[in-house]
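**Q**
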Amino acid sequence: MNNGWIKVPRNLMNEKLWLNAERLKFYLMLLMMVNHEAADVYGEHLEPGQLLTSRDKLEEKYNCRNSRRNKNYVTANTIYSWLRWLKDNNLIGLKASNEYTVITVFNWNLDLNEKAKLNTDSTSVQHQLNNGSTSVQHKQELRDLENLENKEKDNVARQSNDQLNGQVLEIILYLNSQTGKHFKAKSKDTVKLVQARIHEGYTLEDFKSVIDNKASSWLNDSKMNKFLRPSTLFKADKFENYLNEGPVRSTKKISRNLTRMGKGRL
23 MNNGWIKVPR NLMNEKLWLN AERLKFYLML LMMVNHEAAD VYGEHLEPGQ LLTSRDKLEE
83 KYNCRNSRRN KNYVTANTIY SWLRWLKDNN LIGLKASNEY TVITVFNWNL DLNEKAKLNT
143 DSTSVQHQLN NGSTSVQHKQ ELRDLENLEN KEKDNVARQS NDQLNGQVLE IILYLNSQTG
203 KHFKAKSKDT VKLVQARIHE GYTLEDFKSV IDNKASSWLN DSKMNKFLRP STLFKADKFE
263 NYLNEGPVRS TKKISRNLTR MGKGRL
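Numbering-wise (my numbering), the sequence shown opens with residue 23 and increments by one.
(1) Pick helix, strand or coil for D62, following the three-state DSSP scheme.
(2) Buried or exposed for Y95, going by 16 or more other Cβ atoms inside 10 Å?
(3) In this structure, how does DSSP classify I114 when only helix, strand and coil are distinguished?
(4) Less than 8 Å between C-beta atoms, sequence neighbours within five positions excluded: which residues of the same chain meet that for G107?
(5) Measuring straight from C-alpha to C-alpha, what distance separates L52 and V127?
(6) For Y64, is the classification buried or exposed, using 16 other Cβ atoms within 10 angstroms of its Cβ as the cut-off for buried?
(7) Is the separation between the beta-carbon of V216 and that of I193 shorter than 7 Å?
(8) Around the C-beta of A207, are 16 or more other C-beta atoms found within 10 angstroms, so that it is buried, or is it exposed?
(9) Any C-beta of chain C sitting closer than 7 Å to the C-beta of K260?
(10) Bridge partners for T123 per DSSP, in chain order?
(11) Taking one C-beta from the stretch 86 to 106 and one from the stretch 32 to 48 each time, how about it: are there three or more such pairs within less than 8 Å?
(12) Compute the Euclidean distance between the alpha carbons of L255 and N85, then round it to the nearest angstrom.
(13) Based on Cα-Cα distance, which residue from P70, E66 and F48 lies nearest to A60?
(14) What do you reckon, are the CB atoms on Q189 and V124 nearer than 7 Å?
(15) Buried or exposed, going by whether 16 or more other CB atoms sit within 10 Å of the CB of I220?
(16) Which two residues bound the contiguous alpha helix (DSSP H) that contains P252?
(17) Could you compute how far the alpha carbon of K38 sits from the alpha carbon of E81?
(18) Can you name the residues that DSSP bridges to H67?
(19) Would you mind stating whether R77 and I101 have Cβ atoms separated by less than 7 Å?
(20) Have a look at K230 and A258 and give me their C-alpha separation to the nearest angstrom.
(21) Buried or exposed, going by whether 16 or more other CB atoms sit within 10 Å of the CB of L34?
(22) Of the choices R90, W27, N36 and W104, whose alpha-carbon is the least far from that of Y49?
(23) Mapping the DSSP letters down to three states, classify Y224 as helix, strand or coil.
(24) Can you list, in chain order, the residues of its chain with a C-beta nearer than 8 Å to that of N198? Leave out the 5 residues immediately preceding and following it.
(25) Near I233, which residues of its chain fall below 7 Å by C-beta distance, leaving aside the five closest residues on each side in sequence?
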């Protein structure tokens, strides 16, 4: 974990994260801590870009050269608030239990400017290959460079797919936590549905809103509960309508609120 290197996108300077030095340092620390390859840790399967840890461990790691008596010491509560902020800004995903937290860092190894750069460089290489005046040796060098760039493109595509898989994982974990069900994030049909909605521009918060909206309506309905499943919730012709529905409020709760309002002074 102490060797190797990480990629940091240049456009990070344009993000809100850049405005808070301590939170930025914490995010960079997460980038350095996540797995660079798949592994099983304490019975939990982790993909590249994921980390199994706890608030206490993160507190200890972040303050490794800082004493509790120092005014700059960062507590576990602050660490938790940073995690929530990063999650709310779609930089990480969280899967929490009583014993540990699995953190998924999105775009953990992807320079966001890389894809555009590769496309530009590749066009330039192809232009030179088509030039009849180029020497045989130089053409071979250009072909080698083109092959290297194609490999880099494949890496970018794979890393982008890793980000999508991380988002699918977070969405399905949230669905399971809200419904008590046990859907698999690696189901081909589920991955296809979620990625299709993401490509249409829907966000993680949109998925969670759909889950919340329909769980409030169907969770305690014996006939409708079975439809709290990815194939129904994330279907193309249903998703937008579900998103724009509001959670159903209990009539008893509404009655209590009205009664309480009636007892107040005008």
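Glycine included, C-beta positions come from ideal geometry on N, C-alpha and C.
Model, not experiment: these values are computed from the prediction.
**A** Inspection of the coordinates gives the following:
(1) D62 falls in the strand class under three-state DSSP.
(2) An exposed status is given to Y95, since fewer than 16 other beta-carbon atoms sit within 10 Å of its beta-carbon.
(3) Three-state result, I114: strand.
(4) Residue 107 is actually Trp in this sequence, not Gly. Around W107, the same chain offers R45 as residues with beta carbons nearer than 8 Å, after the five sequence neighbours per side are excluded.
(5) Between L52 and V127, the C-alpha separation is close to 8 Å.
(6) Answer is exposed; the Cβ neighbour count stays below 16.
(7) Yes; because the gap between Cβ atoms is below 7 Å, this pair is in contact.
(8) By the neighbour-count rule (16 or more Cβ atoms within 10 Å), A207 is buried.
(9) Among the chains in the structure shown there is no chain C, since it carries only a single protein chain.
(10) Paired residues: T75 and A118.
(11) With the cut-off at 8 Å, the stretch 86 to 106 and the stretch 32 to 48 touch.
(12) Distance between the alpha carbons of L255 and N85: 43 Å.
(13) For A60, the nearest C-alpha among the options comes from P70.
(14) Against a cut-off of 7 Å, the Cβ pair of V124 and Q189 comes out as no contact.
(15) It counts as buried.
(16) First-last of the alpha helix (DSSP H) with P252: P252 to L255.
(17) Rounded to the nearest whole angstrom, the CA to CA distance from K38 to E81 is 23 Å.
(18) Per the DSSP secondary-structure output, H67 pairs in a beta bridge with D62.
(19) One thing to note: R77 has its Cβ within 7 Å of the Cβ of I101.
(20) Straight-line Cα distance between these residues: approximately 16 Å.
(21) It counts as exposed.
(22) Among R90, W27, N36 and W104, the Cα nearest to that of Y49 is on W104.
(23) Under the three-state reduction of DSSP, Y224 is assigned to coil, being neither helix nor strand.
(24) Counting only Cβ-Cβ distances below 8 Å, and skipping sequence neighbours, we find H204 and F205.
(25) Contacts found: Y196, L197, Q200 and L255.
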